[in-house]
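*Asks:* Residue numbers (my numbering): 105 to 379. Ideal Cβ placement from N, Cα and C applies to all residues, glycine included. Keep in mind the model is a prediction, meaning the values are calculated, not measured. Structure in structure tokens, see below.
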């Protein structure tokens, strides 16, 4: 039970960002599936429908790897040194959860938000494209902060002999999140919730994803107690800011041992092939 509570947040983490695909073309909403790969498949038609060119859509999908490259190491370094009485990871999990939920809802109600401030038809179209892309970037950056904190919490909380078991439980929860996401995309949520969560499948999916993320991250945050960091043994060292962290990562990446380089090359080309 403790393992389950510790890794419950990964259900929402796996489920919530997939809702970006809800931006698929309306005729395909009932076939939506929530995985990172399908996100790219279904969001592209929506952006094309809004009038975004194919060359510019490629810039939208830079959000995923870019956010992971920037956010996870920065949040990781800052969280490692955090002496908050709430713990090192949970404050970032909760703040990221709020941001992801806000961006999900903004993505669902993009047109309505734009029309509150703009009336010209062409201006509405351009503003809708901008806000949709902004929401996707916001989701990717914020969800990476949550993801790094959730996985860091597993390592922080469990003793070394149990960390492999914790990793296995994390994989189980990721699979559960994917299954729930696939199922939600195949269900007519309008018949279940009515107009309560919005007047379209798209809006209801974003609302359900936001609530799922809040629920699962909330359960883990409430159930797990972190030890407060008193000292990291580096008081005499100068603390690194975000730019210094990225500079260190770039420097280390250029000087990896040969064995690690080979692994990174394999992973890089595997992802290129997958996409």
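How big is the Cα-Cα spacing for residue 323 and residue 174?
*Replies:* Taking the chain shown and counting its residues from 1, the one referred to as residue 323 is at position 219. Taking the chain shown and counting its residues from 1, the one referred to as residue 174 is at position 70. Distance between the alpha carbons of residue 323 and residue 174 is about 27 Å.
*Asks:* Terminal residues of the continuous alpha helix (DSSP H) containing residue 170?
*Replies:* One-based indexing of the chain shown puts residue 170 at position 66. Where residue 170 is concerned, the enclosing alpha helix (DSSP H) stretches over 167-184.
*Asks:* Within 10 angstroms of its Cβ, does residue 302 collect 16 or more other Cβ (buried), or is it exposed?
*Replies:* The residue you call residue 302 lines up with position 198 of the chain shown. By the 10 Å Cβ count, residue 302 comes out buried.
*Asks:* For residue 293, which residues from the same chain have a beta carbon less than 8 Å from its beta carbon, with the 5 sequence-adjacent residues on both sides left out?
*Replies:* Counting from 1 along the chain shown, the entry for residue 293 is found at position 189. Taken in chain order, the residues that qualify are 301, 305, 308, 309 and 312.
*Asks:* Could you tell me how far apart the beta carbons of residue 318 and residue 201 are, in whole angstroms, since I believe they sit closer than 8 Å?
*Replies:* The residue given as residue 318 occupies position 214 in the chain shown. The residue given as residue 201 occupies position 97 in the chain shown. Right, the Cβ-Cβ distance comes to about 6 Å (below 8 Å), so this counts as a contact.
*Asks:* Which runs of the alpha helix (DSSP H) fall wholly inside the stretch 268-339 and span at least 4 residues, in chain order?
*Replies:* Listed in chain order, the complete alpha helix (DSSP H) runs (minimum 4 residues) inside the stretch 268-339 are 293-297 and 305-327.
*Asks:* What is the residue span of the alpha helix (DSSP H) that residue 197 lies within?
*Replies:* The count along the chain shown starts at 1 and reaches residue 197 at position 93. Residues 194-212.
*Asks:* Mapping DSSP to helix, strand and coil, what is residue 260?
*Replies:* Counting from 1 along the chain shown, the entry for residue 260 is found at position 156. In this structure, residue 260 counts as helix in the three-state DSSP scheme.
*Asks:* Would the stretch 161-175 count as touching the stretch 263-272 if we require 3 or more Cβ pairs under 8 Å?
*Replies:* Taking 8 Å as the limit for Cβ pairs, the verdict is that the stretch 263-272 does not touch the stretch 161-175.
*Asks:* Do the stretch 218-232 and the stretch 268-279 meet, that is, are 3 or more Cβ pairs less than 8 Å apart?
*Replies:* Taking 8 Å as the limit for Cβ pairs, the verdict is that the stretch 268-279 does not touch the stretch 218-232.
*Asks:* Output the distance between the C-alpha atoms of residue 152 and residue 233, rounded to the nearest integer angstrom.
*Replies:* Numbered from 1 along the chain shown, position 48 holds the residue referred to as residue 152. Numbered from 1 along the chain shown, position 129 holds the residue referred to as residue 233. About 10 Å.
*Asks:* Taking the alpha helix (DSSP H) that residue 112 belongs to, which residues open and close that run?
*Replies:* Residue mapping note: residue 112 aligns to position 8 of the chain shown, counting from 1. Taken as a continuous stretch (DSSP letters only), residue 112 belongs to no alpha helix (DSSP H), as it is neither H nor E.
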